[in-house]
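Chains as they are written, first to last, in the numbering used here: chain A, 8 to 279; chain B, -1 to 445; chain C, 2 to 305.
Think of the CB as a built atom: it goes at the ideal place given N, C-alpha and C, for glycine as much as any other residue.
In this text the structure is predicted, and so the values were computed from the model without any measurement.
Inspection log for the structure reproduced underneath, given as structure tokens.
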Amino acid sequence: MKEEKASLPGMIAAWVVAFLMFFPILWMLITAFKTEAQAVAIPPLLFFRPVLSSFGAALAQSGYVHFAENSVIVSLVSTALAVIIAFPAAYAMAFQPPRHTQDLLVWMLSTKMLPPVGVLVPIYLICRDVGLLDTRTALVIVDALMNLPIVVWMLYSFFRDIPRDILEAAQMDGVGPRGQMTHLLLPLASPGIASAALLSIILSWNEAFWSINLTAAHAGTLATYIARYSAPEGLFWAMLSAASVLAVAPILVFGSLAQRRMVRGLTVGAVK
Amino acid sequence: MQKRLSRAPLLASSLAAVFLAAPLLAAGAGSAEAATLTIATVNNPDMLIMQKLSPEFTKETGIGLNWVVLDENTLRERVTTDIATKSGTFDVVTIGTFETPQWGKNGWLDPIGDLGAAYDMNDIFPSVRAGLSYKGTLYAVPFYAESSMTYYRKDLFQAAGLTMPAQPTYDDIAKFADKLTDPAKGVYGICLRGLPGWGENMAFLTTVVNTFGGEWFNMKWEPQLTSAPWEKAISFYVDLMKRDGPPNATSNGFTENLALFSTGKCGMWIDATVAAGYLYDPSKSKVAADVAVAPAPVDVTPHGAHWLWSWALSIPSTSRHEADAKKFLAWATSKSYIDLVGTTDGWVAAPPGTRLSTYQNPNYLKAAPFAPLVEQSILTADPEHPTLNPVPYTGVQFVGIPEFQGIGTTVGQDIAAALAGQTSVSAALAKAQASATRSMTEAGYIQ
Amino acid sequence: MDATTLPRQEMAGDSLARHRRRSSWLLLSPAVILLGLWAFVPLVMTLLFSFQRYNLLYPERRGFVGFRNYSYLFSDPAFWTAIANTLVLVLGVLAITIVLGIAFALLLNQNFPGRAVARLMVIAPFFVLPPVAALVWKNLLFDPLDGLLGWLFTLVGLHPIAWFTTDPMTALVNIVAWEWTPFATLILLTALQSLDTDQLEAARMDGAGPVNRIIYIVLPHLGRPIAITIMMESIFLLSIFAEILTTTAGGPGSATTTLTYLIYIRALLDFDIGGASAAGVIAIVLANIVAIFLMRAVARNIEA
Chain A
8 MKEEKASLPG MIAAWVVAFL MFFPILWMLI TAFKTEAQAV AIPPLLFFRP
58 VLSSFGAALA QSGYVHFAEN SVIVSLVSTA LAVIIAFPAA YAMAFQPPRH
108 TQDLLVWMLS TKMLPPVGVL VPIYLICRDV GLLDTRTALV IVDALMNLPI
158 VVWMLYSFFR DIPRDILEAA QMDGVGPRGQ MTHLLLPLAS PGIASAALLS
208 IILSWNEAFW SINLTAAHAG TLATYIARYS APEGLFWAML SAASVLAVAP
258 ILVFGSLAQR RMVRGLTVGA VK
Chain B
-1 MQKRLSRAPL LASSLAAVFL AAPLLAAGAG SAEAATLTIA TVNNPDMLIM
49 QKLSPEFTKE TGIGLNWVVL DENTLRERVT TDIATKSGTF DVVTIGTFET
99 PQWGKNGWLD PIGDLGAAYD MNDIFPSVRA GLSYKGTLYA VPFYAESSMT
149 YYRKDLFQAA GLTMPAQPTY DDIAKFADKL TDPAKGVYGI CLRGLPGWGE
199 NMAFLTTVVN TFGGEWFNMK WEPQLTSAPW EKAISFYVDL MKRDGPPNAT
249 SNGFTENLAL FSTGKCGMWI DATVAAGYLY DPSKSKVAAD VAVAPAPVDV
299 TPHGAHWLWS WALSIPSTSR HEADAKKFLA WATSKSYIDL VGTTDGWVAA
349 PPGTRLSTYQ NPNYLKAAPF APLVEQSILT ADPEHPTLNP VPYTGVQFVG
399 IPEFQGIGTT VGQDIAAALA GQTSVSAALA KAQASATRSM TEAGYIQ
Chain C
2 MDATTLPRQE MAGDSLARHR RRSSWLLLSP AVILLGLWAF VPLVMTLLFS
52 FQRYNLLYPE RRGFVGFRNY SYLFSDPAFW TAIANTLVLV LGVLAITIVL
102 GIAFALLLNQ NFPGRAVARL MVIAPFFVLP PVAALVWKNL LFDPLDGLLG
152 WLFTLVGLHP IAWFTTDPMT ALVNIVAWEW TPFATLILLT ALQSLDTDQL
202 EAARMDGAGP VNRIIYIVLP HLGRPIAITI MMESIFLLSI FAEILTTTAG
252 GPGSATTTLT YLIYIRALLD FDIGGASAAG VIAIVLANIV AIFLMRAVAR
302 NIEA
């Protein structure tokens, strides 16, 4: 399948869009290399001598590495958990739909409708009584359950794009659901699975409410780390920018790697 | 009938993932080492310095420290949830003059008791101690305290031929602001808080209302938001800001105003004394050479014209390491700690507003020329008598009841609407009065 | 929706269909059970709390009060404003993100050098933590005195706009749309990549211009992903909260107070768990209404 090269106006438009969307982050990145006084200067400084002091301040005493570790572990494990549970469910709903599939899908989504702020106390009490306060396990479970409906929906959506013929052919050859899932669906839907997983990782990475409220000194993630820099008494734009860069960097790197995987998956899995 | 393809690989890899994950998950659970304290604290510079110096404490006593550092609002919410549900996550908590008396009353905090003669409890500012007590029992020791004062630009005053009196009135301030405003040059006569919040714009506005002779509630707990002093005070504020304030004021809290003043955009600013440390520091402020301080303005009465706030360390009654926690409290607020900060971080960074001895220390006075005014402001701020008329509550810039967080924020929002020009001051206050009355009736204060 | 969409070939008839259905439920059960527990327990607790007087700060004053929390909520003038604001925020952001998402997905689907980098740049806003995004926009960009946009305005001779004072909702929608457009773009882009290019080729050879190709071939193909994006995004948008807290604290007035923010004031400022739970129940009802409405509107597309 050959893709035609983009036209020049099309390409320019794409780059303009990319630049505009990325600009606030770029601005944040630049500010991270300024001092606090430079950060609030008007007109905004584009040319200045970059310093690393804000990064130093953001890293000093903050336990950044510990928080980053927790973020990575919680995101990856909760995503793995969510995908493992969602995969068979999405398969069933896409290819062997039971009655009320629609309602089931909407119900799954409805479990996300309760604003977390409203259930803080019940969940907090449960975690306390079960001894899971300030543990990564609690965050993994909460994140996995929060992201499960999203992963199910996305997998369902991508599975519906897979033409039935292939699976039916396998069915006729006597391949059962599990075989279909592992040997056929996995490769065919891998861009979709990768997207769903990436989304779940990002959502878990950014999840701030539970990771601040259910943790103390041990299990906090980078979201908790940012809360430390959000509104102290004093000027902190440069430090906040540096902290944010440190909080976003790992997942940005991961995202770029995952991107490539998704593109590769496309050429492998494209159905002709 | 159907061939079952081997699911072993899938199952095996799932199990492997779980087994690999398990030790990672388990490692995240709190380790129960003996003598480690979990401390929840706010992210202000003094606390960050304390965190940096805490290895000294561990060296002296062998007690380890685990820090949980959050911004003020998140901290308060986090700590309140934990303490109110008696979950026992924290051994030491950082709380303020708002919650300490209330939580002391509820029995959620351990009384401080006697910390020994060397600690010299009488050296701690009496007004601050009073703000952290309930019925005479101290429930928290302050590591930081502040009041409010007026900051102004000496150079702009000189250029306009103005002099700041020893005790300015709000009328003076209005006159000065009108003369100093020059948007073409990017200077606004006065910058004041406008961001809605019980601890943001309402903290400042409560002091204005106080000094104009008003109060939040009368002795029967009825809100007084439509009374003459309130109308006068809020109208004064809105008109002043509209004439001489920066744009977007309803989004400006303490931090934004600090940025504005330190980059030279404000002629005057009335806010927390803690800002002085930044504004006088040439590495952080463009106006370090031109800033000067004066007492917070007054109007009809000096009562409640400048506020009192303290961040203090306290021990929840659910803590399992009370004795060790007390040792930490004593260390962190002792005279020797202040000396430690002075020698390692510079005297201007010494925790302000807690000990009288700090303000007699020549090193500190040299590094912080604004110190005497700060000391005087804190000593004269009286949370027990914040208003002209008698009131059933304590607290200078807040009302020491739990409902105030919600009421103060809602009223703050209404006043911001007036400042934004969405409604008139009278309409805003009428709305605020209605909602405050509702809340107070619902909470059972008004019979 | 039921067994008639299964392969035409009859195998062992009824028993196979039954077997399939049973195996469906088996495959579905872990997800359903776990979500059930996750949804059920907090929901029940919230319902119970909503009928109680329960303030965390007055633990001794607890008791059953029937519908009192609800009537207090409904008689609060801020409540109705909050619902209106919630709808404005959700619908506004949905509209912007879907339109831009389609446009961006089309642009990024082209083949040009460095497109992986461009894609990452467009998706990047989604990686940024909401409070940070809000602070960056508020202070570095929107601030009329210190921000970049204000400075650009003065360059062209315009007066900088005090966004959060005069148009707080616009500013808020702007920030949230910036955060969530990558979400829509990601889903739609991935969906575009399963588009059969043969159809497009054939249409091009028949002389169809790019716009017509988009309208008649691409958009229908994207029908389901768009519907799904709308459903998922609206769920997230209903609980937007951190951005409001950091920029306007719900004000000025109640201009940016949404239902979630109102719950925050009740739950975490008043610590009125009873009142917060009642508001939470209303939030669920509202969200369900929105979901059912959306499902009706887009169900065709999801099933297609």
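Hey, quick one: how far does the beta strand (DSSP E) through residue i stretch, first residue to last?
| i | result |
| --- | --- |
| B:E144 | V139 to E144 |
| C:W164 | Unbroken run through C:W164 is the alpha helix (DSSP H), W164 to T167; no beta strand (DSSP E). |
| B:N42 | Looking at the DSSP string, B:N42 is not in any beta strand (DSSP E), and its letter there is neither H nor E. |
| B:T92 | V90 to G94 |
| B:S312 | W307 to S312 |
| B:Y186 | Y186 to C189 |
| B:V397 | Run containing B:V397: none; DSSP gives neither H nor E here. |
Report, in whole angstroms, the separation of the C-beta atoms of residue i and residue j, which I expect to be a contact under 8 Å.
| i | j | result |
| --- | --- | --- |
| B:N41 | B:V67 | 5 Å |
| B:F326 | B:V90 | 6 Å |
| C:T47 | C:S278 | 5 Å |
| B:G251 | B:L193 | 4 Å |
| B:V389 | B:M217 | 7 Å |
Along the chain, where does the alpha helix (DSSP H) containing residue i start, and where does it finish?
| i | result |
| --- | --- |
| B:D269 | No alpha helix (DSSP H) holds B:D269; the beta strand (DSSP E) holding it covers C264 to A270. |
| C:L324 | The structure shown does not extend to residue 324 of chain C, since chain C is modelled only from 2 to 305, so the question has no answer here. |
| B:L130 | Unbroken run through B:L130: none, as it is neither H nor E. |
| A:G199 | S197 to N213 |
| C:P131 | P131 to L136 |
| A:W34 | L15 to A39 |
Ignore the nearest five residues each way along the sequence and tell me which others in residue i's own chain have a CB closer than 8 Å to its CB.
| i | result |
| --- | --- |
| C:A204 | N213, R214, Y217 and I218 |
| C:L95 | I231, E234, S235 and L238 |
| B:G60 | A33 |
| B:S281 | none |
Apart from the five residues just before and just after residue i, which ones in its own chain have a Cβ nearer than 7 Å to its Cβ?
| i | result |
| --- | --- |
| C:L57 | F272 and I274 |
| B:R127 | L136 |
| B:S355 | D121 and K333 |
| C:I245 | L173, G251, T257, T259 and Y262 |
| B:G302 | T205, N208, T209, P384, T385 and V394 |
| C:P132 | A243 and T247 |
For residue i, which residues in the same chain have their Cβ closer than 6 Å to its Cβ, ignoring the five residues on either side in sequence?
| i | result |
| --- | --- |
| A:S263 | none |
| A:V149 | W217 |
| B:F96 | F396 |
| B:T87 | D80 |
Contact residues within the stretch 241 to 256 of chain C, judged by C-beta distance below 7 Å to chain B: Listed by position along the chain: T248, T249, A250, G251, G252, P253, G254 and S255.
Near-chain B residues of the stretch 146 to 166 of chain A (beta-carbon distance less than 7 Å), N- to C-terminal order: From the stretch 146 to 166 of chain A, only V147 have a Cβ closer than 7 Å to chain B.
Near-chain B residues of the stretch 220 to 231 of chain A - C-beta to any C-beta below 7 Å: Taking 7 Å as the Cβ-Cβ cut-off against chain B, the residues of the stretch 220 to 231 of chain A that qualify are N220, A223, A224, H225 and A226.
Sufficient close CB pairs (3 or more, under 8 Å) joining the stretch 106 to 120 of chain A to the stretch 159 to 169 of chain A: As far as the Cβ criterion goes, the stretch 106 to 120 of chain A touches the stretch 159 to 169 of chain A, which means the pair count is three or higher.
Contact the stretch 152 to 163 of chain B vs the stretch 364 to 378 of chain B: 3+ CB pairs below 8 Å: These segments do not touch.
Three or more C-beta pairs below 8 Å linking the stretch 126 to 141 of chain B and the stretch 268 to 282 of chain B: With a cut-off of 8 Å, the stretch 268 to 282 of chain B and the stretch 126 to 141 of chain B do not count as touching, because too few Cβ pairs lie within range.
Against chain B: residues of the stretch 265 to 285 of chain C by CB proximity under 8 Å: Flagged, chain order: I266, R267, L269, L270, D271, F272 and D273.
Meets three-Cβ-pair contact criterion under 8 Å: the stretch 85 to 102 of chain A and the stretch 194 to 213 of chain A: Because the criterion of three Cβ pairs below 8 Å is met, the stretch 85 to 102 of chain A and the stretch 194 to 213 of chain A touch.
Contact between the stretch 284 to 299 of chain B and the stretch 157 to 175 of chain B (3+ Cβ pairs under 8 Å): Taking 8 Å as the limit for Cβ pairs, the verdict is that the stretch 157 to 175 of chain B does touch the stretch 284 to 299 of chain B.
Positions along the stretch 246 to 265 of chain B whose CB lies within less than 8 Å of some CB in chain C: Residues of the stretch 246 to 265 of chain B with a Cβ closer than 8 Å to any Cβ of chain C, in chain order: N246, A247, T248, S249, E254, A257, L258, T261 and K263.
Chain A contacts made by the stretch 398 to 414 of chain B, where a contact means CB separation under 8 Å: So the list is empty, because no residue satisfies the distance condition.
Chain A contacts made by the stretch 29 to 49 of chain C, where a contact means CB separation under 8 Å: Residues L29, P31, A32, V33, L35, L36, W39, A40, V42, P43, L44, M46 and T47.
Cβ contact (3+ pairs, closer than 8 Å) linking the stretch 170 to 190 of chain C and the stretch 99 to 111 of chain C: A contact between stretches requires three or more CB pairs, one per stretch, nearer than 8 Å, and the stretch 170 to 190 of chain C meets this requirement with the stretch 99 to 111 of chain C.
Members of the stretch 428 to 445 of chain B near chain C, C-beta cut-off 9 Å: Cβ contacts with chain C: K429, A432, S433, R436, S437, E440, A441 and G442.
Under 9 Å (Cβ pairs) to chain B, residues found in the stretch 80 to 106 of chain C: Correct list: empty, as no residue qualifies.
Validate contact between the stretch 161 to 168 of chain C and the stretch 130 to 149 of chain A using beta carbons, cut 8 Å, 3 pairs: With the rule of 3 Cβ pairs closer than 8 Å, the stretch 161 to 168 of chain C does not count as touching the stretch 130 to 149 of chain A.
Residues from the stretch 113 to 124 of chain C in contact with chain A, defined by Cβ distance under 9 Å: For the stretch 113 to 124 of chain C, which is checked against every Cβ of chain A, the residues closer than 9 Å are F113, P114, G115, R116, A117, V118, A119, R120, L121, M122, V123 and I124.
Cβ contact (3+ pairs, closer than 8 Å) linking the stretch 249 to 264 of chain A and the stretch 23 to 39 of chain A: The stretch 249 to 264 of chain A is in contact with the stretch 23 to 39 of chain A.
Given 8 Å, three or more beta-carbon pairs between the stretch 275 to 292 of chain B and the stretch 304 to 313 of chain B: They do not touch, by the three-pair rule.
Stretch pair the stretch 174 to 183 of chain C + the stretch 117 to 127 of chain C: three plus CB contacts closer than 8 Å: The stretch 174 to 183 of chain C vs the stretch 117 to 127 of chain C: in contact.
Cβ pair count under 8 Å reaching 3, the stretch 317 to 324 of chain B against the stretch 402 to 411 of chain B: With fewer than three CB-CB distances shorter than 8 Å, the stretch 317 to 324 of chain B does not count as touching the stretch 402 to 411 of chain B.
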